[in-house]
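A.B. asks: Below: one structure in structure tokens.
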Amino acid sequence: MKIWCFSCFIFGKEEEEEEDNKAMKEGVSENEGETEGNFGNNEEDTEAALRDLRQERYGQESMRWTDEMNRAMQRARSGFGGDGGGGGATNWGEMGPGFEEEGQFVAPPLALRSSAFCTSWLGRGENSGSSSAVTEAAGSCNEGCDRDAHNKRARVNSCSNDCHYAAVMASGAGNSTPSADRHLGLRKSSSTPSNNDIFYHNFMWNNNSDDNPFDSDGARDDGDDSITSKSEDLEVRMDLTDDLLHMVFSFLDHVNLCQAAKVCRQWRAASSHEDFWRCLNFENRNISVEQFEDMSRRYPNATEVNIYGAPAIHLLVMEALFSLRNLETLTVGKGLLGDPFFVALGDCIMLKSLNVNDATLGSGIQEIPISHDRLCHLQLTKCRVMRISVRCPQLETLSLKRSNMAQAVLNCPLLHLLDIGSCHKLTDAAIRSAAISCPQLESIDMSNCSCVSDETLREIALTCANLHILNASYCPNISLESVRLPMLTVLKLHSCEGITSASMSAIAYSYMLEVLELDNCSLLTSVSLDLPRLQNIRLVHCRKFADLNLQSIMLSSIMLSNCPALHRINITSNSLQKLALQKQENLTTLALQCQYLQEVDLTDC
Numbered sequence: 001m002k003i004w005c006f007s008c009f010i011f012g013k014e015e016e017e018e019e020d021n022k023a024m025k026e027g028v029s030e031n032e033g034e035t036e037g038n039f040g041n042n043e044e045d046t047e048a049a050l051r052d053l054r055q056e057r058y059g060q061e062s063m064r065w066t067d068e069m070n071r072a073m074q075r076a077r078s079g080f081g082g083d084g085g086g087g088g089a090t091n092w093g094e095m096g097p098g099f100e101e102e103g104q105f106v107a108p109p110l111a112l113r114s115s116a117f118c119t120s121w122l123g124r125g126e127n128s129g130s131s132s133a134v135t136e137a138a139g140s141c142n143e144g145c146d147r148d149a150h151n152k153r154a155r156v157n158s159c160s161n162d163c164h165y166a167a168v169m170a171s172g173a174g175n176s177t178p179s180a181d182r183h184l185g186l187r188k189s190s191s192t193p194s195n196n197d198i199f200y201h202n203f204m205w206n207n208n209s210d211d212n213p214f215d216s217d218g219a220r221d222d223g224d225d226s227i228t229s230k231s232e233d234l235e236v237r238m239d240l241t242d243d244l245l246h247m248v249f250s251f252l253d254h255v256n257l258c259q260a261a262k263v264c265r266q267w268r269a270a271s272s273h274e275d276f277w278r279c280l281n282f283e284n285r286n287i288s289v290e291q292f293e294d295m296s297r298r299y300p301n302a303t304e305v306n307i308y309g310a311p312a313i314h315l316l317v318m319e320a321l322f323s324l325r326n327l328e329t330l331t332v333g334k335g336l337l338g339d340p341f342f343v344a345l346g347d348c349i350m351l352k353s354l355n356v357n358d359a360t361l362g363s364g365i366q367e368i369p370i371s372h373d374r375l376c377h378l379q380l381t382k383c384r385v386m387r388i389s390v391r392c393p394q395l396e397t398l399s400l401k402r403s404n405m406a407q408a409v410l411n412c413p414l415l416h417l418l419d420i421g422s423c424h425k426l427t428d429a430a431i432r433s434a435a436i437s438c439p440q441l442e443s444i445d446m447s448n449c450s451c452v453s454d455e456t457l458r459e460i461a462l463t464c465a466n467l468h469i470l471n472a473s474y475c476p477n478i479s480l481e482s483v484r485l486p487m488l489t490v491l492k493l494h495s496c497e498g499i500t501s502a503s504m505s506a507i508a509y510s511y512m513l514e515v516l517e518l519d520n521c522s523l524l525t526s527v528s529l530d531l532p533r534l535q536n537i538r539l540v541h542c543r544k545f546a547d548l549n550l551q552s553i554m555l556s557s558i559m560l561s562n563c564p565a566l567h568r569i570n571i572t573s574n575s576l577q578k579l580a581l582q583k584q585e586n587l588t589t590l591a592l593q594c595q596y597l598q599e600v601d602l603t604d605c
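130 is the number that the UniProt record's numbering gives to position 130 of the sequence shown; each next residue is one higher, with no gaps.
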């Protein structure tokens, strides 16, 4: 937004006052003899006389100003009513309805140019030389105003005083009008409501307007080239370098990047940088094969593609494998992935992560082979397949969670995380075979695998010496008898009906254990453990649990809830600070050796 102010009338007040004082002094000298008796020689009377004479002269000039304005209005009306020629149409007629009754000047219309105004105001009855001088002065004024057209802050611009003075001097040089009339013309401008020396015509310049009052070169041009250059000249650029804009756009997602591209050419170029489109995320979007091909050609260096939930995922994923040679992460799902996909998978040599969710693999009846030399992470979640064979020498994590496969053959010597949770169709033998084929296993999740037995756990304990995390929740057939897991740090046994007090002897061998969760173990009656590294223990909804004996210098959190039979607690810890035992109605004995204990809650005990 820019604010322009045209100074329509500016006059030299000091010159007028000098001439007025000179004229009035002459009048006083001529009447000195007549007024000597009345005024005397004192200075106060002289000043009063000068003031009275100045007011009288201003009154006469005001009358002349009114008459002159009436004549000008009549000429202007006659110019509008004629055939468009003549001085009236050229001067006052061009200004339009800028003058009203009572000789008061009103702001001219928006499209009025300062050069035309100066010509109309000062050029009446002047020769061609004065008209050209006025035009040049007005043009220099416009050029001075247009020089600031590219400023970003709102600026208040006005035609300089030099413009007006140049016009006055030019008109005075070639004009036959007496000097008294020229002074009268200057005094006309001083008759304003605010009594200021300058009368401002203010307007708001809307950059979206089709009719800007000023062109970049001070003249109008209807050609396409001039319109383009004018819009470029008037464009407000942000003070953002490409590097700074790149850093700002790095925090935007693809939707906001597309919105930012609509702002200007600079933002469009910045938002389309390939750094922001390394990940092509079309999850649950209705993208066609042609559109995906176009995106692949535009960003061939993309490293991540997500087409989960997109239509025709088989065609899209084949296009991704063949077009994006630097692809590292691929996410697909909700559809059918045929055998050609798994055959072409080996050709995508840069692939490191493959996520397949809720998909049908192959025809659903034959074995699906997955072979890749560089694949590190593989997730097959909620997939429908009969058999699967994975041969990936660099594979580190494998998730087959909630898939309905009956057998999984693994040849992954570096695998350290295996998740087969909720694979209900996997037999105990299949789980044992898959786990012991990965000797580097550190974490295994076999929750909700109802077929797992203690024999499988013993085999895993013997083969996977570095096993740290075991989740055997909802496995009713395990009791941990004769199972030794010395390196275990996290053990989760939720709702394991086979866990009893005898199982605590097996858990006691896990001297590295830090987290123990025994929720909903309905047959558990007592827990007696001496584990130096144990930090967190949970015992929730154990209906028959009656006795708790814990010794651990690092124990910091105990969760005891809904154990109605609990009547005895003995805890030794150097780290426990808070103990909550709410609603333990049968609790009779509480022995605490916790030197840093700060709070004990025994509500409703």
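Don't be surprised by glycine CBs; every beta carbon is placed ideally from N, CA and C.
Computed from a predicted structure; not experimentally measured.
My understanding is that L467 touches L441, with C-beta atoms under 8 Å, so please give their C-beta distance in whole angstroms.
C.D. replies: Within the sequence shown, numbered from 1, the residue matching residue 467 stands at position 467. Within the sequence shown, numbered from 1, the residue matching residue 441 stands at position 441. A Cβ-Cβ separation of about 6 Å places L467 in contact with L441 under the 8 Å criterion.
A.B. asks: Within the continuous alpha helix (DSSP H) that includes M559, where are the two ends?
C.D. replies: Translated into the one-based positions of the sequence shown, residue 559 becomes position 559. Careful: M559 lies outside any alpha helix (DSSP H), inside the beta strand (DSSP E) at S557 to S561.
A.B. asks: Per DSSP, which one or two residues make a beta bridge with R538?
C.D. replies: Counted from its first residue, the sequence shown places residue 538 at position 538. Paired residue(s): E517 and M559.
A.B. asks: Round the Cβ separation of S443 and H416 to the nearest angstrom and send it over; I've been treating them as touching at under 8 Å.
C.D. replies: Within the sequence shown, residue 443 is the residue found at index 443, counting from 1. Within the sequence shown, residue 416 is the residue found at index 416, counting from 1. Right, their Cβ atoms sit about 7 Å apart.
A.B. asks: Going by C-alpha to C-alpha distance, which of W65, N586 and S271 sits closest to C258?
C.D. replies: Stepping through the sequence shown from its first residue, residue 258 is reached at position 258. Nearest C-alpha to C258: S271.
A.B. asks: Quick check on the burial criterion: 16 or more other C-beta atoms within 10 angstroms. Buried or exposed for D233?
C.D. replies: Mapped onto the sequence shown, residue 233 falls at position 233. The predicted position of D233 is uncertain, since its pLDDT is 49 and thus under 50; a value taken from the coordinates is nonetheless stated next. By the 10 Å Cβ count, D233 comes out exposed.
A.B. asks: From what residue to what residue does the alpha helix (DSSP H) around V255 run?
C.D. replies: Against the sequence shown, residue 255 aligns to sequence position 255. Counting along the chain, the alpha helix (DSSP H) containing V255 begins and ends at H254 to A260.
A.B. asks: Of the choices T572, I558, L345 and P564, whose alpha-carbon is the least far from that of D601?
C.D. replies: For the purposes of this step, residue 601 is taken as the residue at position 601 of the sequence shown. The option with the nearest alpha carbon to D601 is I558.
A.B. asks: Is the CB-CB distance between E319 and S353 below 8 Å?
C.D. replies: In the sequence shown, the residue the question calls residue 319 occupies position 319. In the sequence shown, the residue the question calls residue 353 occupies position 353. Not a contact, by the Cβ cut-off of 8 Å.
A.B. asks: Consult DSSP for I507 and reduce its assignment to one of helix, strand or coil.
C.D. replies: Reading the sequence shown from its first residue, position 507 is the one you call residue 507. Note: I507 maps to helix in three-state DSSP.
A.B. asks: To the nearest angstrom, how far is it from the Cα of L523 to the Cα of C423?
C.D. replies: As a first step, residue 523 must be located in the sequence shown, where it is residue number 523. As a first step, residue 423 must be located in the sequence shown, where it is residue number 423. Distance between the alpha carbons of L523 and C423 is about 26 Å.
A.B. asks: Buried or exposed: where does G59 fall if 16 or more other Cβ atoms within 10 Å of its Cβ makes it buried?
C.D. replies: As a first step, residue 59 is located in the sequence shown; it is residue number 59 there, counting from the start. Under this definition G59 is an exposed residue.
A.B. asks: Tell me the DSSP secondary structure of R75 in three-state form.
C.D. replies: Residue numbering aside, residue 75 sits at position 75 when the sequence shown is read from its first letter. Helix, per DSSP.
A.B. asks: Assign S209 to one of two classes, buried (16 or more other C-beta atoms within 10 Å of its C-beta) or exposed (fewer than that).
C.D. replies: As a position in the sequence shown, residue 209 is number 209, starting the count at 1. Low confidence applies here, because S209 scores a pLDDT of 36, under 50, leaving its location unreliable; read the following figure in that light. It is exposed - the Cβ of S209 has fewer than 16 other Cβ atoms within 10 Å.
A.B. asks: Where does P300 sit, in a helix, a strand or coil, going by DSSP?
C.D. replies: To locate residue 300, count along the sequence shown from 1; it is residue 300. Correct three-state label for P300: coil.
A.B. asks: Less than 7 Å between C-beta atoms, sequence neighbours within five positions excluded: which residues of the same chain meet that for L597?
C.D. replies: Reading the sequence shown from its first residue, position 597 is the one you call residue 597. Contacts found: L576, Q577 and L579.
A.B. asks: Just to confirm my understanding: we take T331, look at its own chain, exclude 5 residues before and 5 after, and list those with CB closer than 6 Å. What are they?
C.D. replies: For the purposes of this step, residue 331 is taken as residue 331 along the sequence shown, with counting starting at 1. Excluding positions up to five away in sequence, the list reads N306, Y308 and N355.
A.B. asks: For N477, which residues in the same chain have their Cβ closer than 8 Å to its Cβ, ignoring the five residues on either side in sequence?
C.D. replies: Against the sequence shown, residue 477 aligns to sequence position 477. Correct list, in chain order: S450, C451, V452, S453, D454 and G498.
A.B. asks: I'd like the span of the beta strand (DSSP E) that includes residue 670, first residue to last.
C.D. replies: One cannot answer for residue 670 here, as it falls past the ends of the chain, which runs 1 to 605.
A.B. asks: Please report the straight-line C-alpha distance between L280 and D428, rounded to a whole angstrom.
C.D. replies: Walking along the sequence shown from the start, residue 280 turns up at place 280. Walking along the sequence shown from the start, residue 428 turns up at place 428. Cα-Cα distance, rounded: 41 Å.
A.B. asks: In terms of alpha-carbon separation, which member of I553, P300 and E514 lies closest to R538?
C.D. replies: For this step, residue 538 is matched to residue 538 along the sequence shown. For the residues I553, P300 and E514, the minimum Cα distance to R538 belongs to E514.
A.B. asks: Per DSSP, what kind of secondary structure is H377 in: helix, strand or coil?
C.D. replies: Walking along the sequence shown from the start, residue 377 turns up at place 377. Strand.
A.B. asks: State the Cα-Cα distance for the pair S505 and L410, rounded to the nearest angstrom.
C.D. replies: Within the sequence shown, numbered from 1, the residue matching residue 505 stands at position 505. Within the sequence shown, numbered from 1, the residue matching residue 410 stands at position 410. Using only the alpha carbons, I get a separation of about 33 Å.
A.B. asks: L555 and I569 - do their beta-carbons sit closer together than 8 Å?
C.D. replies: For the purposes of this step, residue 569 is taken as residue 569 along the sequence shown, with counting starting at 1. For the purposes of this step, residue 555 is taken as residue 555 along the sequence shown, with counting starting at 1. Their beta carbons are not under 8 Å apart, which means I569 does not touch L555 by this criterion.
A.B. asks: Let's see if you can read the secondary structure: which residues bound the alpha helix (DSSP H) around T456?
C.D. replies: Along the sequence shown, read from residue 1 onward, the residue named residue 456 stands at position 456. That run of the alpha helix (DSSP H) goes D454 to T463.
A.B. asks: Closer than 7 Å by C-beta to F342: which residues in its own chain qualify, once you throw out the five before and the five after it? Chain order, please.
C.D. replies: As a position in the sequence shown, residue 342 is number 342, starting the count at 1. Excluding positions up to five away in sequence, the list reads I368, P369 and I370.
A.B. asks: Which class does D604 belong to by DSSP, given the choice of helix, strand or coil?
C.D. replies: One-based indexing of the sequence shown puts residue 604 at position 604. Here D604 sits in coil by DSSP.
A.B. asks: Under the three-state reduction of DSSP, which class applies to A580: helix, strand or coil?
C.D. replies: To locate residue 580, count along the sequence shown from 1; it is residue 580. Looking at A580 - three-state DSSP - the assignment turns out to be strand.
A.B. asks: Work out the CA separation of A546 and D373 for me, nearest whole Å.
C.D. replies: Position 373 of the sequence shown holds residue 373. Position 546 of the sequence shown holds residue 546. Approximately 54 Å between the Cα atoms of the pair.
A.B. asks: What are the partner residues of Q551, as DSSP defines its beta bridges?
C.D. replies: Taking the sequence shown and counting its residues from 1, one reaches residue 551 at position 551. Note: Q551 sits in a beta bridge opposite D530 and T572.
A.B. asks: According to the neighbour-count rule (16 or more other Cβ atoms, all chains shown, within 10 Å of its Cβ), is residue 610 buried or exposed?
C.D. replies: Because the chain is modelled from 1 through 605, residue 610 falls outside the range shown and cannot be assessed.
A.B. asks: Could you name the residues of the same chain whose beta carbon sits closer than 6 Å to that of Q379, not counting the 5 residues immediately before and after it, in chain order?
C.D. replies: For the purposes of this step, residue 379 is identified with residue 379 of the sequence shown, where counting begins at 1. Excluding positions up to five away in sequence, the list reads N355 and S399.
A.B. asks: Can you give me the Cβ contacts of H541 inside the same chain, cut-off strictly under 7 Å, excluding the 5 residues immediately before and after it?
C.D. replies: On the sequence shown, position 541 is the one that residue 541 refers to. Only D519, N520 and N562 meet the Cβ criterion.
A.B. asks: Ignore the nearest five residues each way along the sequence and tell me which others in residue 692's own chain have a CB closer than 6 Å to its CB.
C.D. replies: Past the boundaries of the shown model lies residue 692; the chain is included only from 1 to 605, so the question cannot be answered.
A.B. asks: Going by C-alpha to C-alpha distance, which of C264, C464, F276 and A261 sits closest to residue 608?
C.D. replies: Since the displayed the chain opens at 1 and closes at 605, residue 608 lies outside it and no answer follows.
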